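Protein sequence lines correspond, in order, to chains A and B. Residue numbering for the first sequence follows the working numbering, starting at 166 and increasing by one per position. Residue numbering for the second sequence follows the working numbering, starting at 10 and increasing by one per position. We put the CB at the ideal spot given by N, CA and C, even for glycine. Predicted model, so just to flag it, every value in this text is computed and none were measured. Below is one structure, written out as structure tokens; comments come after it.
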Amino acid sequence: MRLLLRRDLVCQQAVELVTDYLEGTLSRSARRRFEAHLVGCPHCTEYLAQMRETISLTGRLAPEDLTPQMRDEFVDLYRRWRSEQQ
Amino acid sequence: MDSDGELLLRLRAGDERAFVSLVERYHEPMLHLAASFVPSRAVAEEVVQDTWLALLRGLEGFEGRSSLKTWLFRILVNRARTTGTREQRSVPVADPEPAVDPSRFDGSGGWADPPEHWIEVAEGRLEAGKLAYRIRAWIDELPARQRAVVLLRDVEGMSSEEVCTVLALSEGNQRVLLHRGRSRLRQLFEDEFREVR
Numbered sequence: 166m167r168l169l170l171r172r173d174l175v176c177q178q179a180v181e182l183v184t185d186y187l188e189g190t191l192s193r194s195a196r197r198r199f200e201a202h203l204v205g206c207p208h209c210t211e212y213l214a215q216m217r218e219t220i221s222l223t224g225r226l227a228p229e230d231l232t233p234q235m236r237d238e239f240v241d242l243y244r245r246w247r248s249e250q251q
Numbered sequence: 010m011d012s013d014g015e016l017l018l019r020l021r022a023g024d025e026r027a028f029v030s031l032v033e034r035y036h037e038p039m040l041h042l043a044a045s046f047v048p049s050r051a052v053a054e055e056v057v058q059d060t061w062l063a064l065l066r067g068l069e070g071f072e073g074r075s076s077l078k079t080w081l082f083r084i085l086v087n088r089a090r091t092t093g094t095r096e097q098r099s100v101p102v103a104d105p106e107p108a109v110d111p112s113r114f115d116g117s118g119g120w121a122d123p124p125e126h127w128i129e130v131a132e133g134r135l136e137a138g139k140l141a142y143r144i145r146a147w148i149d150e151l152p153a154r155q156r157a158v159v160l161l162r163d164v165e166g167m168s169s170e171e172v173c174t175v176l177a178l179s180e181g182n183q184r185v186l187l188h189r190g191r192s193r194l195r196q197l198f199e200d201e202f203r204e205v206r
């Protein structure tokens, strides 16, 4: 077993830093520590890739279309508002 | 597709189609966001309807210091907050909520049950059109405040600064909520694709 240095991260700590890492809010030293952990840890590297994929998948949701009926309702709403303006 | 800025100009000139284009762009995202504050879909619809009217009424006064989208979502959130009751019941940000179930780590904090690979399966399912509705459902089940942040940041693609403005959150709290929301979603993807193997 490798000697665990006090400044080494364990996996359970690393997963809590993923968002700060992706947001770019880790200090330079914390960022280095995090990246050093990834180099030696395939599981946390996979975990980070999965967090990136999670963000990417949610970012590709397309808005659902308005129904024609709702579209008409909003045209009405707009016209009522316009007529109040005059 | 016209930018929000162009739509705003056309709307100010009285173009009805510009209004409909904005509604098509933001109505549904606003419904999802409103639902994270109020107890029912019907109330959420009312709040969104009111927000559209408020947009029309406020057009003259809008100075463009924030983007149209930020302004619109902010009106929505302010209205939803005064209407809603759900937020008071939500868990405070200070309560710990681990990103990963602690039982998946060994005594020294290393993975005992490491994450299973699922990325390619998920990509395939999304492309086949079989995943989007599941992701929607998972987001809708997130705790309200996490849901609001995930919707704005990851679904709508707003910056953290814009999200803080819209939701009146500090940068730090925004990041905590984002972290928890994303972590939960990641776990749901893993659970989903572990079952199908």
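Worksheet item: What is the residue span of the alpha helix (DSSP H) that A157(B) lies within?
Response: Segment A153 to V159, the alpha helix (DSSP H) holding A157(B).
Practice prompt. Compute every distance between the C-beta of I128(B) and the non-hydrogen atoms of the ligand ZN, then say whether any falls below 7 Å.
Written response: You won't find the ligand ZN in this model; it holds no ligand whatsoever.
Worksheet item: So, do the region 173-180 of chain B and the region 81-96 of chain B have three or more beta carbon pairs nearer to each other than 8 Å?
Response: Verdict: yes, contact present.
Discussion item. If we require 3 or more residues per run, which beta strand (DSSP E) segments fall completely within the region 38-105 of chain B?
Written reply: If we require 3 residues or more, the region 38-105 of chain B turns out to have no beta strand (DSSP E) run fully inside it.
Worksheet item: On the three-state DSSP scale, how would you describe W127(B)?
Response: In this structure, W127(B) counts as coil in the three-state DSSP scheme.
Discussion item. For A137(B) and E201(B), I'd like the C-alpha separation in whole angstroms.
Written reply: Near 16 Å, if we compare the C-alpha coordinates of E201(B) and A137(B).
Item to complete: Taking 8 Å as the cut-off, decide whether the C-beta atoms of V158(B) and R236(A) are in contact.
Response: No. Outside cutoff.
Item to complete: Please decide whether V175(A) counts as near chain B, where near means a Cβ-Cβ distance under 8 Å.
Response: Yes, V175(A) lies at the interface with chain B (some Cβ there is under 8 Å from its Cβ).
Worksheet item: In chain A, which residues lie with their C-beta within 7 Å of the C-beta of S75(B)?
Response: Neighbours of S75(B) in chain A, taken as residues at a C-beta separation under 7 Å, are lacking, since the least C-beta distance is about 21 Å.
Item to complete: Mind checking which residues open and close the alpha helix (DSSP H) that includes G205(A)?
Response: G205(A) -> alpha helix (DSSP H) spans R193 to G205.
Worksheet item: Do three or more CB pairs link the region 228-244 of chain A to the region 20-37 of chain B at distances below 8 Å?
Response: Yes, they touch.
Worksheet entry | Own chain residues within Cβ distance below 6 Å of L197(B), not counting five before or after | Here the set comprises W147.
Fill in: Beta carbon proximity, E200(A) to chain B, threshold 8 Å
At least 8 Å separates the CB of E200(A) from every CB of chain B.
Discussion item. For the alpha helix (DSSP H) containing T184(A), name the first residue and the last one.
Written reply: Run containing T184(A): C176 to E188, per the alpha helix (DSSP H) assignment.
Worksheet item: Buried or exposed: R247(A), going by 16 or more other Cβ atoms within 10 Å of its Cβ?
Response: By the neighbour-count criterion, in which 16 or more other beta carbons inside 10 Å mark a residue as buried, R247(A) falls on the exposed side.
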